[in-house]
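Accompanying notes for the structure given below.
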Amino acid sequence: MNKAAVHIGSLVLVVCYSLRLDGGRLGKLAVALSLTGIILLISRTANMLQAPLTGKIVDFSKHTPDF
Numbered sequence: 001m002n003k004a005a006v007h008i009g010s011l012v013l014v015v016c017y018s019l020r021l022d023g024g025r026l027g028k029l030a031v032a033l034s035l036t037g038i039i040l041l042i043s044r045t046a047n048m049l050q051a052p053l054t055g056k057i058v059d060f061s062k063h064t065p066d067f
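Here is the structure:
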């Protein structure tokens with residue numbers, strides 16, 4: 001599950017940067033930059049919320065050899 005979340009987060013960042021590039025090509029740079037900002041904000045917030053959960057799993061696996 002965690003691996004999938006990391007891959008989705010990376011995919012969001014790649015899509016975000018391609019959106020910025022396409023907005024520049026089409027002449028709608030302001031729209032592209034605002035959408036990029038919104039997507040990056042959501043992505044980084046999700047990563048910030050995921051970090052403590054990942055740390056908890058790592059700590060649990062250190063103390064539980066069966067995990």
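Residue 8 in the UniProt record's numbering sits at position 8 of the sequence shown; the count goes up by one each step and never skips.
C-beta atoms are modelled at their ideal positions from N, C-alpha and C, and glycine is treated no differently.
Close beta carbons around residue i, own chain, < 7 angstroms, minus the five adjacent residues each side
{"i": "I39", "result": "V12, C16"}
{"i": "F60", "result": "F67"}
For residue j and residue i, believed in contact at Cβ under 8 angstroms, the rounded distance
{"i": "R20", "j": "L33", "result": "7 angstroms"}
{"i": "G23", "j": "V14", "result": "That belief does not hold up - the Cβ atoms of G23 and V14 are roughly 15 angstroms apart, past 8 angstroms."}
Residues near residue i by beta carbon distance below 6 angstroms, same chain, minus five either side
{"i": "A51", "result": "none"}
Residue from the options with nearest C-alpha to residue i
{"i": "A4", "options": "T64, H63, K62, T54", "result": "T54"}
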